[in-house]
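Comments concern the structure below.
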Amino acid sequence: MRGGNGILGVSAKNSQETSIIKTRKQWLKRKEKWLVVLGIILHAVYMLSIFDIYFKTPIVHGMDPVTPRFTAPAKRLVLLIADGLRADKFFEPDSDGNYRAPFLRSVIKERGRWGVSHARPPTESRPGHVAIIAGFYEDPSAVTKGWKANPVEFDSVFNRSRHTFAFGSPDIVPIFCSALPHSTWNSYPHEYEDFATDASFLDEWSLDQFQNLLNRSNEDAHLKQLLHQDNLVIFLHLLGCDSNGHAHRPYSSIYLNNVRVVDRIAERVYDLIQSYFKDNLTSYVFTADHGMSDKGSHGDGHPSNTDTPLVAWGAGVRYPVPVSHNHHSENTVLFVDKHVHDMPTPPEWGLDGIERLDVNQADIAPLMSTLLGLPSPVNSVGNLPLGYVSFSEVEEVEAVLANTRQILNQFLRKSQLKESNSLHFKPFKPLANYSRVLDEIEYLISVRDYEAAKNLSENLRSLALEGLHYFQTYDWLMLMTFISLGYVGWMIYLILHVLQSYTLLPVKLFEKEQVVNLRNNSGKVYVAGCLFMGLVCILLLVEHSPLLYHAYFAMTILLWTQIFSEYQFIKALWRDMQRREVYYFIKLIATCIVSVFVLEILVKSFMERKLYTWCFLFVGVTASIYLFYLIPWRSGVPIFVWLSCWFLSVFTLMPAEIPDNTQLVVASGFLIIVIGGVARYLNKHAGDSRYWLSLTRDMKKSKFPMLFQLQILLVGISSLMVSLSTSHRTEKQELLVLHQVINWLIAGFSLVLPLFSAVGLLSRLTSIFLGFAPAFLLLSIGYEAVFYSALALALLAWILFENAILCTSKVNRSPSSINAMEDNIIVSHDDRHLQLSDMRIPLAFMVFFNIAFFGTGNFASIASFEISSVYRFITIFSPFLMAALLIFKLLIPFILVICAFSAITKLIQVPLLGCYFLVICCSDVMTIHFFFLVRNTGSWMEIGNSISHFGIMSAQVVFVLLLFALTNVYTKDIQPRSRKQFTRKAL
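The sequence shown maps to residues 1259 to 2245 in this note's numbering.
Structure follows, in structure tokens:
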């Protein structure tokens, strides 16, 4: 009776434990799904944070214009902008010693002022013209418009004028005049901008429009009245140099001749104005929006792009001043393009004896406003260059004071807006007593101490500009702190989950009753977290913060609440760490340092692809030396690892723009066949070696005995079709329908075949390699076809390296680890627990995954990949299909990396999902770094690349997961030979 009760009691107890384990297993599976969803949402929300931090518009509205208290020296102003004109090409002589701009040089020497205008990147036409005419630099929020337009309305010199006449490019003139009622403007059709012709006729078009305007005014009384008003602006946009620079380069005869055309136009405009108005009340400003690089491009901060000529003359402009050798500028502040003041003038310019006055590009707007006696544009941040104006002392002070008040008004408006929405407002302390400074300036003017008043005004202006930057970045510290805490919290939470679910630590640290207590006590933490989140959201509502601010804070608080809910585990983990030996801490710290070092190299590699060359050269040597001491060299594994790493290192030295080489693609097909054949031979005959045993001799034969031969045949046919399709398309300028159909059939059919291959590790991976090869070959145009083979060989070297370590190491299978497998509900019975040394696997994965990004181009810029890659499948323009084919080509190397990674986890029997979480943790270390590398200044390409780098790393949580799901179709059946050694029965 007792025996029966005892048996029934044990049976009931076992049944109850089984039920508990099953329930908890289901709960933890749901937790991991929730963890993945949380990661996707978190990265999506945090990716948007850069637009609230880096790309907020600096423009504010609601300021009153500051009317200057001096008489305008000019009734009208003529602004000539030669688009794309480099300073050196304008000032230097030609090969015969003759200067290209004789008229403007005579102005510089006889009746005007000159210098170099320093543009701030992005050195593009729209931002350059906005800086000249409106007085501020590129609005970073223009990224939301794809850099096509200024998303926020702004003030300009044209707005302040009584009337503006403008003629020029349809891309520039409408920006300032299309919504301006007091303007008369015209632009030529876009079709006129033909890079195949000499574009100097566009400049002549603008001149002809202005000349016709003056001629019409003789018969049009209303037009004549408009032209004789004061505060008049005449703007001619001259596009010729820009178009000719792009098409023919700035050292070409066409570009250099266009400089002469521009000079003649300036002279003819001057003559027309002087003969028409006959009052000498016209000011003239000649400049350029940006320069032109030797390659015929612009956008970055190279001096050839940032240095542009500036010449001013006419009413209110000073006459030339001889250079004083005793005079040196004490201004140590850099220009916006990072060039210093008081730069020496190149002797070949022939202007050494005339004082040169360099300015920031935005300084031209207040200069033009001052010459016309108009208020400066309310959004301007330019400093009035006093050296250009011919004023009395009191007028100089009043001009500087008006400029200072205009910038100060922007500061005060930003301060007012921020204070009205802040519970705890932190003012800009250096301007706390600005009103007293203004009073002091007025007092100094009244007592005629003009020099002191001017200096005080300039100091106040500098402080106001600093204050504008202070409020532009007011929320940066708060947002960047919380976003960083969110990323750190996410990584800590992932690590805690991996430690709890995929290691032996939970068994060592807790008894079962303690785990129950942990769950019960965590409720208080959740309540506290919810209260804190509610309090923060209320504060954000009171401050009228954007809705996304709530999401940033809520995500961060949620993550840290989850972390603190594990306080019992963290406390037990800390106690366990205190009992560890010193050797363990050395190993832990070394692993962390090496991991961060590798990840920082990967960050740097986004800017410098050649780092991968040095990386694989080093890894090839060190890994092979390590294997020499670990296993016999006769196995061939050390030599193979060395050579495969060095082979792969070559490709990041290649140009990102892949040159066409059809013969190389065909040869790559032969190389793929050779690799497949060798792999087939090793699979049959290398099983006698313990270092190949796990990879070879399939437990289950292929469903189709001739599958390998079929795949080899398809690779050979695809190589043949590469040659046939390319040669026929080149000769006949068309793609035969027959070729097109064959290419589609080969590529599609070959992708299915690996599913029917044998399930041995080497057999299945070889079949996957051969299965994707035809599609990749047909989409290749050059050396990237060889890269496919090199990457596959390097991945095989990685697998052999891990297999060698597995063969020579003693896996800990103590009774406690067996019991842990019994209790653990995530790790399957075929997998072992993760160890600290296993961190090498996600790190190696990150290296291979990133070289798949940059091995054959720059994945951050899809434009670095040739669209001609798809011409063997389609030649008729179809953007969606072409983009899909191109993206599929780019994904194939990633698929190989993921398949090798999955095979390794099966080979050494570690949990795939646990390794996935470690990969995401590694990628987020890089994500945080890229978060701080996002730029809102520089060329559009530099800004765009910084955003794309951050976006790529943020998207990896989804990207890698989707690739895991896709490749699981191919890898789920892989069965390494060593599988039997680690079954629970053997244990």
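In this text, a Cβ means the ideal position worked out from N, Cα and C, and glycines have one as well. In this text the structure is predicted, and so the values were computed from the model without any measurement.
Neighbour-count burial assignment, residue i, 16 or more Cβ in a 10 Å radius
i, result
"Ile2162", "buried"
"Met1835", "exposed"
"Asn1356", "exposed"
"Ile1531", "buried"
"Lys2230", "exposed"
"Met1964", "exposed"
"His1586", "Reliability of the predicted coordinates at His1586 is poor, the pLDDT of 47 falling under 50, and the value obtained from them is presented with this limitation in mind. Classification for His1586: exposed."
"Leu2139", "exposed"
"Ile2232", "buried"
"Asp1552", "exposed"
"Cys1788", "exposed"
"Trp1748", "buried"
"Glu1396", "buried"
Nearest neighbour of residue i, chosen from the options [CA to CA]
i, options, result
"Arg1576", "Val1517, Glu1290, Ala1332", "Ala1332"
"Ser1638", "Glu1656, Ala1660, Gly1645, Ser1648", "Ala1660"
"Thr1315", "Arg1706, His1727, Pro1917", "His1727"
"Phe2217", "His1808, Tyr2228, Val2177, Ser2204", "Val2177"
"Ile2201", "Ser1353, Leu1911, Thr1381", "Thr1381"
"Cys2180", "Ser2204, Cys2157, Arg2098", "Arg2098"
"Thr2225", "Leu2009, Gln1969, His1301, Asp1478", "Leu2009"
"Glu1866", "Glu1824, Thr1910, Phe1811", "Thr1910"
"Gly1611", "Gly1640, Pro1602, Val1581", "Val1581"
"Ser1650", "Lys1712, Gly1342, Ser1673, Lys1687", "Lys1712"
"Ile2166", "Pro2234, Glu1677, Trp1607, Ala2142", "Pro2234"
"Arg2022", "Asn1476, Lys2164, Ile1311, Ala1657", "Lys2164"
"His1560", "Ser1926, Ala1722, Asp1346, Gly1373", "Asp1346"
"Asn1667", "Glu1656, Glu1654, Tyr1646, Leu1689", "Leu1689"
"Leu1609", "Gly2196, Tyr1760, Ser1364", "Ser1364"
"Leu2154", "Pro1432, Pro2012, Ala1573, Ser1742", "Pro2012"
"Val2017", "Ala2043, Gly1370, Asn1941", "Asn1941"
"Glu1858", "Gln1730, Asn2108, Ala1389", "Asn2108"
"Leu1951", "Arg1369, Leu1438, Leu2058, Thr1603", "Leu2058"
CB contact below 8 Å: residue i versus chain C
i, result
"Ala1809", "Judged by its chain identifiers, the structure shown contains no chain C, having just a single protein chain."
Residue interval of the beta strand (DSSP E) (run including residue i)
i, result
"Phe1544", "1540 to 1545"
"Arg1663", "Careful: Arg1663 lies outside any beta strand (DSSP E), inside the alpha helix (DSSP H) at 1651 to 1678."
"Arg1938", "Unbroken run through Arg1938 is the alpha helix (DSSP H), 1920 to 1943; no beta strand (DSSP E)."
"Ala1424", "1421 to 1426"
"Ala1570", "1565 to 1572"
"Leu2037", "Premise fails: Leu2037 is in no beta strand (DSSP E) and is neither H nor E."
"Ala1340", "1334 to 1340"
Residue range of the unbroken alpha helix (DSSP H) whose run includes residue i
i, result
"Phe1453", "Where Phe1453 is concerned, there is no enclosing alpha helix (DSSP H), given that its DSSP letter is neither H nor E."
"Gly1320", "Here Gly1320 belongs to no alpha helix (DSSP H), and DSSP marks it neither H nor E."
"Asp1529", "1511 to 1535"
"Trp1900", "1895 to 1907"
"Trp2002", "1995 to 2010"
"Ala1389", "1383 to 1392"
"Arg1694", "1692 to 1704"
Discussion item. With a threshold of 8 Å, are at least 3 pairs of Cβ atoms found where one atom belongs to the region 1360 to 1377 and the other to the region 1540 to 1547?
Written reply: They touch, by the three-pair rule.
Fill in: Contact between the region 1460 to 1474 and the region 1489 to 1508 (3+ Cβ pairs under 8 Å)
The region 1460 to 1474, when compared against the region 1489 to 1508, does touch it at the 8 Å Cβ threshold.
Worksheet item: Touching or not, the region 1344 to 1360 and the region 1434 to 1447, by the rule of three or more beta carbon pairs under 8 Å?
Response: Segments in contact, no.
Fill in: Whole beta strand (DSSP E) elements within the region 1597 to 1630, 3-residue minimum
Qualifying beta strand (DSSP E) stretches: none in this window.
Worksheet item: Using 8 Å as the Cβ pair cut-off and three pairs as the minimum, do the region 1320 to 1327 and the region 1660 to 1679 touch?
Response: Using a C-beta cut-off of 8 Å, the region 1320 to 1327 makes contact with the region 1660 to 1679, since at least three inter-stretch Cβ pairs fall below that distance.
Discussion item. For the structure I just gave you, are there three or more beta carbon pairs, one from the region 1687 to 1696 and one from the region 1357 to 1372, closer than 8 Å?
Written reply: Contact between the region 1687 to 1696 and the region 1357 to 1372 is not established, with fewer than three Cβ pairs separated by less than 8 Å.
Item to complete: Decide if the region 1883 to 1897 is in contact with the region 1925 to 1934; the criterion is three or more beta carbon pairs, one per stretch, under 8 Å apart.
Response: Look at the beta carbons and you see the region 1883 to 1897 not touching the region 1925 to 1934: under three pairs across the two are nearer than 8 Å.
Worksheet entry | Three or more C-beta pairs below 8 Å linking the region 1413 to 1423 and the region 1480 to 1497 | The region 1413 to 1423 makes contact with the region 1480 to 1497, as at least three CB pairs between them are under 8 Å.
Discussion item. Just to confirm the assignment: which complete beta strand (DSSP E) runs, minimum length 3, are found wholly within the region 2129 to 2190?
Written reply: Unbroken beta strand (DSSP E) stretches of 3 residues or longer found wholly inside the region 2129 to 2190: none.
Worksheet item: Would the region 2191 to 2205 and the region 1880 to 1887 be scored as touching if the rule is three or more Cβ pairs under 8 Å?
Response: Result no; under three Cβ-Cβ pairs closer than 8 Å.
Worksheet item: Using 8 Å as the Cβ pair cut-off and three pairs as the minimum, do the region 1968 to 1977 and the region 2026 to 2033 touch?
Response: A contact exists between the region 1968 to 1977 and the region 2026 to 2033.
Discussion item. For the structure I just gave you, are there three or more beta carbon pairs, one from the region 1624 to 1637 and one from the region 1327 to 1343, closer than 8 Å?
Written reply: Touching, per the Cβ criterion.
Worksheet item: Between the region 1395 to 1407 and the region 1463 to 1479, do three or more beta carbon pairs fall short of 8 Å?
Response: The answer is no - the region 1463 to 1479 does not touch the region 1395 to 1407, with fewer than three Cβ pairs under 8 Å.
Discussion item. Threshold first: 4 residues or longer. Then list the alpha helix (DSSP H) segments lying entirely within the region 1435 to 1498, N to C.
Written reply: Unbroken alpha helix (DSSP H) stretches of 4 residues or longer found wholly inside the region 1435 to 1498: 1458 to 1475, 1479 to 1485, given in chain order.
Worksheet item: Taking three-plus beta-carbon pairs below 8 Å as touching, is the region 2046 to 2061 in contact with the region 1905 to 1922?
Response: As far as the Cβ criterion goes, the region 2046 to 2061 touches the region 1905 to 1922, which means the pair count is three or higher.
Item to complete: Scan the region 1777 to 1862 and note each continuous alpha helix (DSSP H) run of 4 residues or more that stays entirely inside, going in chain order.
Response: Complete alpha helix (DSSP H) runs here, min 4: 1805 to 1822, 1825 to 1836.
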